[in-house]
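Protein chains: 4
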Amino acid sequence: MIVAMQDTATEEQIQDVIEHLVRMGFSVHRTTGERQTVLAAVGARIDFDTRNLEVLSGVDKVHRISAPYKLSGRSFRPEGTVIQFANGVKIGGPEVVVMAGPCSVESREQVFAVAEQISKAGARVLRGGAFKPRSSPYSFQGLGLEALKLLREAGNRFGLLVISEVMEISQIELMLPYVDIFQVGARNMQNFNLLRELGKVKTPVLLKRGIAATLEELLLSAEYIMAGGNYNVILCERGIRTFETYTRNTLDISAIPIIHKLSHLPMTSDPSHGTGIRDKVPPMARASVAAGADALLIEVHPDPDKALSDGAQSLFPDQFSKLMDELRMIAPAVGRTLK
Amino acid sequence: MIVAMQDTATEEQIQDVIEHLVRMGFSVHRTTGERQTVLAAVGARIDFDTRNLEVLSGVDKVHRISAPYKLSGRSFRPEGTVIQFANGVKIGGPEVVVMAGPCSVESREQVFAVAEQISKAGARVLRGGAFKPRSSPYSFQGLGLEALKLLREAGNRFGLLVISEVMEISQIELMLPYVDIFQVGARNMQNFNLLRELGKVKTPVLLKRGIAATLEELLLSAEYIMAGGNYNVILCERGIRTFETYTRNTLDISAIPIIHKLSHLPMTSDPSHGTGIRDKVPPMARASVAAGADALLIEVHPDPDKALSDGAQSLFPDQFSKLMDELRMIAPAVGRTLK
Amino acid sequence: MIVAMQDTATEEQIQDVIEHLVRMGFSVHRTTGERQTVLAAVGARIDFDTRNLEVLSGVDKVHRISAPYKLSGRSFRPEGTVIQFANGVKIGGPEVVVMAGPCSVESREQVFAVAEQISKAGARVLRGGAFKPRSSPYSFQGLGLEALKLLREAGNRFGLLVISEVMEISQIELMLPYVDIFQVGARNMQNFNLLRELGKVKTPVLLKRGIAATLEELLLSAEYIMAGGNYNVILCERGIRTFETYTRNTLDISAIPIIHKLSHLPMTSDPSHGTGIRDKVPPMARASVAAGADALLIEVHPDPDKALSDGAQSLFPDQFSKLMDELRMIAPAVGRTLK
Amino acid sequence: MIVAMQDTATEEQIQDVIEHLVRMGFSVHRTTGERQTVLAAVGARIDFDTRNLEVLSGVDKVHRISAPYKLSGRSFRPEGTVIQFANGVKIGGPEVVVMAGPCSVESREQVFAVAEQISKAGARVLRGGAFKPRSSPYSFQGLGLEALKLLREAGNRFGLLVISEVMEISQIELMLPYVDIFQVGARNMQNFNLLRELGKVKTPVLLKRGIAATLEELLLSAEYIMAGGNYNVILCERGIRTFETYTRNTLDISAIPIIHKLSHLPMTSDPSHGTGIRDKVPPMARASVAAGADALLIEVHPDPDKALSDGAQSLFPDQFSKLMDELRMIAPAVGRTLK
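Protein chains in written order, with the working numbering: chain A, 361 to 699; chain B, 361 to 699; chain C, 361 to 699; chain D, 361 to 699.
Structure, rendered in structure tokens:
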């Protein structure tokens with residue numbers, strides 16, 4: 361940590377800050393310049409709240425030197441994390457993995473139809489929502505356990521892994537037998553109790569960035585899971601909130617190369633939630649792969665106009681196949697493959 | 361709902377949209393202009409996802425006419441909601457109510473000291489955190505039940521109501537005997553399962569705006585609680601995330617008069633979390649009252665420099681007293697009083 | 361325009377709004393529902409300020425039906441605009457056009473070196489700043505006319521078109537003999553006097569989106585230029601300001617497909633200013649082409665570490681060549697070519 | 361400047377960065393910790409682009425220690441700047457100064473009517489737009505020189521100072537005889553050529569914050585004017601762009617106390633443009649004074665419903681008088697007066 365004192369700071373104020381730092385367990389190096397004194401504080405707690413120094417008299421600014429995360433940082437595993445599944449699929453390896461399926465599981469027919477379609481088109485993972493608390497209290501709320509069973513069955517039938525969203529600690533146990541990947545939604549990115557519990561299982565966790573979360577905060581949330589012992593964390597960009605209202609959110613494609621620099625964890629993209637509009641999904645899916653995404657999460661519905669939720673952002677199966685063909689052309693430009 | 365068709369929409373496309381609307385339960389009025397056809401659709405579900413129409417061919421834009429909330433809207437109770445407590449305190453009435461206390465409950469000494477100080481200065485409600493999941497996994501996590509008991513005891517001793525944050529459904533039962541108001545934090549504003557359960561109790565709920573939530577989304581979340589039967593909802597602005605990084609968040613003071621126009625619910629402000637820096641709390645507290653806030657939530661600590669969390673944004677007891685004096689001068693300018 | 365009245369609006373208020381609309385030249389269609397009256401107003405001025413209705417008593421919400429722009433809207437020229445240059449290069453056609461060069465023109469050696477390098481790699485247009493007013497009054501401010509001459513000379517020598525930024529009306533005349541495209545920077549996107557003057561020349565104008573501008577505002581600014589008679593407008597995404605601070609701005613890749621839907625004008629991307637960091641430029645350039653960009657604007661410097669401005673975001677010539685190779689692999693996935 | 365090296369940085373990389381810094385004129389102090397080397401660089405140019413170091417190999421992060429502005433910083437004039445006018449009015453002193461008037465000057469009748477009304481209510485400065493380039497090319501564009509003459513005449517008649525917006529360098533000369541304060545609008549906050557010219561006159565300049573500008577950028581723009589010798593700069597918050605769309609912009613009230621801490625310049629607020637809606641102006645005006653604003657800029661029109669521009673955000677004269685009465689009650693709470 362670097363503490364820059366004000367030009368006008370008195371020697372007494374400087375000593376006071378030094379004592380404060382020492383009491384907190386830091387060792388302090390002092391640089392006195394012509395105009396300004398600068399204190400470099402090393403050691404001590406990774407999570408120190410720098411504002412506690414900023415409010416001391418005579419302090420101008422405080423800069424954190426080390427990132428506030430460790431396990432999720434690139435230097436923890438410079439070669440990068442590859443998450444390997446029983447069926448041989450790897451996330452973080454040379455193959456770009458596509459996860460697809462409906463927003464909500466609605467019926468056996470729907471799940472099996474879509475599983476067959478996406479599997480043929482080259483997807484590796486079947487996605488589908490079982491629990492759907494919605495922003496309006498008057499909307500469809502999901503099939504629950506029944507949905508999980510259908511996903512598993514369809515996944516097994518068509519050789520697909522299964523991912524579904526976990527929303528509460530109590531659902532972890534319930535979901536464990538059915539899913540290959542737990543998805544943590546944007547709204548739960550800072551539900552720290554949930555993250556801690558997910559740190560205790562071995563099943564990989566796909567953690568979505570909150571719509572107002574910085575990338576540093578995303579890595580801090582990943583740290584929560586990893587601190588519990590579960591290192592199988594996959595990160596996902598799904599759009600941030602900006603002033604532009606044409607799309608629901610602004611998919612921050614630059615998050616992909618940034619996370620690849622800051623962290624060793626696989627970084628994926630969800631262009632369906634990131635745009636919220638069907639015809640924007642293919643261009644943003646292509647852009648994500650071109651920017652280096654390790655995997656994609658795409659909503660596909662056998663009949664989007666009749667979907668019970670998010671139909672407007674779901675691709676028709678034909679659109680999905682066409683998109684997969686385009687992605688197959690782009691992948692080699694970034695040294696990747698696609699099934 | 362208003363569906364504006366594109367200039368180039370064919371009669372077939374228009375008929376297709378009309379059928380779609382009718383199938384969904386709307387009745388449709390058509391206006392054909394020189395350049396453009398416009399369909400007004402009335403009736404049907406309050407939570408209809410307008411994007412489902414926007415993706416139909418020939419549609420230009422869809423505008424929602426009615427607000428997607430009912431119970432929390434101004435017209436549901438035009439005279440405004442006043443929440444009355446057993447000891448006679450009212451939130452939403454002529455008196456501006458001040459809630460104060462430490463970020464986290466740390467010890468009996470701390471809670472009693474601060475309760476005495478804020479009570480003397482004119483506060484009506486004692487705040488304090490019992491459960492503190494933090495953004496870093498390496499930080500202090502709260503005293504739990506013990507904290508709730510201390511708050512209740514200190515509240516009773518100094519004639520203060522008690523407010524504390526609820527973070528999970530399982531804590532509702534636990535907290536019920538100890539608190540007069542449940543606080544829902546910004547991160548849980550869209551934890552719909554939690555909101556639904558809070559709709560089943562009678563204890564008032566103070567609902568904080570998420571840092572990326574629009575005011576419409578805040579009212580939709582209030583709707584969730586009210587739909588369950590608990591109409592005692594208090595709203596709270598606590599800062600939104602913007603590009604400005606000098607403060608943690610940007611306290612959106614304009615949310616106060618806007619909510620007062622859109623809703624009948626009391627609207628309050630939390631300048632401590634809204635700024636994150638001690639010396640910005642008094643000016644923003646004054647601004648909140650001047651803009652018409654019904655209540656304030658302010659962090660006060662008997663010794664902020666030693667606080668286990670958020671010390672940098674906590675006022676010293678003396679600062680708090682001085683602030684209360686200033687607020688007493690401002691309140692009459694908006695036709696209010698302060699104890 | 362659609363005016364939705366409040367549930368509680370009186371007949372008198374409704375009549376008052378109707379009179380208001382008629383006085384403004386609108387013809388009004390009234391729909392009276394069970395709960396609410398809705399007025400559809402057609403005709404009148406394209407630039408009507410809807411807030412003038414929103415403040416009338418009894419009005420709930422006002423929705424604009426037609427886009428506030430005409431000439432820049434898709435329906436004005438559904439087949440899309442292709443801008444053709446004397447040397448046969450076309451922007452908006454099947455070829456993705458790459459414009460490259462240094463942030464500032466610094467010397468003859470620099471310009472000729474970079475022009476040769478980018479020309480070999482496949483760029484079609486040489487970019488370079490002549491006038492550089494900087495955000496700090498203490499920085500390098502550009503070579504002016506001398507820079508324009510160097511650009512033109514180097515452009516002619518290596519078969520490249522020339523683009524440079526115009527910052528004031530007085531520079532238009534000065535620049536006309538030297539540039540093939542005028543660039544309007546993000547800060548001048550709403551310098552309406554400048555836009556109006558650029559409407560009077562025939563030289564194409566590349567108009568950059570302001571960092572806080574919505575896409576609708578970008579199209580309104582294009583309208584200004586087109587209203588003067590210059591239809592050769594090229595739009596450019598260069599990053600918007602969001603809460604994420606890792607990059608200078610967030611390059612909004614989704615702006616590319618959105619503009620292609622809303623407008624007939626070519627849409628381009630500037631990943632150099634959009635990210636501000638060299639190693640993020642190639643992934644974002646690839647993403648832009650994958651999302652359908654008609655052209656790219658990329659900063660290249662023969663020796664970025666010694667650049668007088670923006671060296672940190674300039675590519676080394678070798679990086680640029682490698683990037684061009686990658687873009688050549690991606691272009692066919694979107695039905696495009698690259699020289 | 362502080363350069364934090366990566367954990368994995370080699371001694372060679374560290375030496376390379378040191379050489380780089382020395383070549384740039386910095387003197388370097390090195391701290392080698394257990395895990396990390398940190399370099400403190402002092403001296404050299406105030407406007408150094410830190411990204412030039414961030415791209416060097418082995419560098420983790422670069423922190424600027426000194427603010428990039430000097431003349432506008434608090435320490436340049438710790439006692440604060442008070443701007444004094446010939447008629448005795450002072451901005452930055454104990455009196456809160458109110459500037460009011462119409463968005464655009466429309467006619468002699470209008471200007472004289474409003475000048476009389478605001479003067480009676482206690483305003484000190486008459487505001488009014490002479491040049492109005494609008495965001496749509498189809499709108500009213502202002503009366504120009506004629507407007508300036510009317511403002512001056514009405515100002516003299518009712519003992520008011522005059523402020524009007526300057527939009528181009530060529531208008532400075534033209535306006536000089538008529539205005540007491542030049543206003544620079546949000547869109548021109550980074551029009552550095554204009555700022556530089558305004559640095560050469562003695563007339564005070566009111567500089568509005570851009571809708572996407574950080575407070576640091578606002579102070580850098582003030583620096584531009586001051587660097588030319590004109591120290592009479594007044595800053596103004598007028599709303600920033602956020603994701604909330606209910607108001608045009610979000611008036612960032614916290615900018616007031618922050619600027620008062622960072623700078624010695626008077627800080628004012630424009631609640632009319634900051635909200636864009638008439639009934640939000642009084643609460644935000646009150647909030648601004650309660651937060652410590654030195655002056656306010658408020659749009660008042662004798663007949664807002666007939667205003668040629670921005671009628672929806674203009675107060676009726678009666679509303680303005682009532683607001684002034686409220687402000688008179690609030691001012692003493694912050695140790696201020698109001699005429």
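The C-beta atom is built at its ideal place from N, Cα and C for all residues, glycine as well.
The alpha-carbon of A:K450 is positioned some 18 Å away from that of A:I478.
Considering only B:L668, B:T628, B:A460, B:D678, the residue with the shortest C-alpha distance to B:E466 is B:L668. With a cutoff of 8 Å on beta-carbon distance, B:D630 and B:L657 are scored as near each other. In terms of beta-carbon proximity, A:R569 stays away from the interface with chain D, with every pair separated by 8 Å or more. Positions of the beta strand (DSSP E) runs, each at least 3 residues long and wholly inside the stretch 550–581 of chain A, are given as 565–568 in order along the chain. By the C-beta density criterion, B:Q550 is buried, having at least 16 other C-beta atoms within 10 angstroms. The beta-carbon distance between A:V398 and A:A364, rounded to whole angstroms, is 5 Å. This is short enough to meet the 8 Å contact definition. Membership of C:A655 in the beta strand (DSSP E) is indicated by the continuous run 655–659. Scanning its chain for C-beta atoms nearer than 8 Å, with the 5 sequence neighbours on each side dropped, one finds around D:E439 the residues H624, in chain order.
Against chain A, the CB of D:G504 has no partner CB under 8 Å away; the residue lies outside that interface. With a cut-off of 8 Å on Cβ pairs, the stretch 456–464 of chain A is in contact with the stretch 481–494 of chain A, counting three or more such pairs. Residue-level contact check: D:V402 does not touch chain C, since none of the beta carbons of chain C fall below 8 Å from its beta carbon.
Separation of C:D663 and A:S648 (C-alpha to C-alpha, rounded to the nearest whole angstrom) is 30 Å. Remark: C-beta atoms of A:G636 and A:N609 approach each other more closely than 8 Å. For C:V474, the uninterrupted alpha helix (DSSP H) run begins and ends at 468–481, by DSSP. Scanning its chain for C-beta atoms nearer than 8 Å, with the 5 sequence neighbours on each side dropped, one finds around D:I529 the residues N553, L554, E557, in chain order.
By the neighbour-count criterion, in which a residue is buried when 16 or more other Cβ atoms sit within 10 angstroms of its Cβ, A:D665 is exposed. Counting only residues of its own chain and dropping the five nearest sequence neighbours on each side, D:E476 has a CB closer than 7 Å to the CB of F518. According to the DSSP assignment, B:L595 belongs to the beta strand (DSSP E) that extends over 593–597.
With contacts defined by Cβ atoms closer than 8 Å, B:P626 and B:D654 form a contacting pair. A contact between stretches requires three or more CB pairs, one per stretch, nearer than 8 Å, and the stretch 522–542 of chain B meets this requirement with the stretch 557–568 of chain B. Shown here, C:R512 sits in a helix according to DSSP, grouped into three states. Across the set A:F436, A:A651, A:I374, A:E513, the C-alpha of A:F436 shows the shortest separation from the C-alpha of D:R395.
A direct Cα-to-Cα measurement between B:R383 and B:A401 gives close to 12 Å. At a cut-off of 8 Å between beta-carbon atoms, C:D367 makes contact with chain B. The stretch 674–692 of chain B and the stretch 385–392 of chain C do not touch, with fewer than three beta-carbon pairs separated by less than 8 Å.
When CB distances to chain B are screened at a threshold of 9 Å, the residues of the stretch 374–403 of chain C falling below it are S387, H389, T391, G393, E394, R395, Q396, V398, A400, V402, G403, in chain order.
Chain A has a Cβ within less than 8 Å of the Cβ of D:T605.
Rounded to whole angstroms, A:V565 and A:R547 show a C-alpha spacing of 15 Å. In summary, C:G433 is buried, with 16 or more beta-carbon neighbours lying within 10 Å of its beta-carbon over all protein chains present. According to the DSSP secondary-structure assignment, D:E525 is paired through a beta bridge with D:Q543. Taking one beta carbon from each stretch, the stretch 594–608 of chain C and the stretch 597–611 of chain B have 3 or more pairs nearer than 8 Å; the two touch.
Under DSSP, B:I443 takes part in a beta bridge, and its partners are B:I451. Using a Cβ-Cβ cut-off of 8 Å, B:A647 counts as an interface residue toward chain D, since at least one Cβ of chain D sits closer than that to its own. The residue among C:M586, C:I541, C:P642 with its C-alpha nearest the C-alpha of A:I613 is C:P642.
Listed by position along chain A, the residues whose Cβ is nearer than 7 Å to that of C:S614 are T607, T610, L611, T635, K640, M644.
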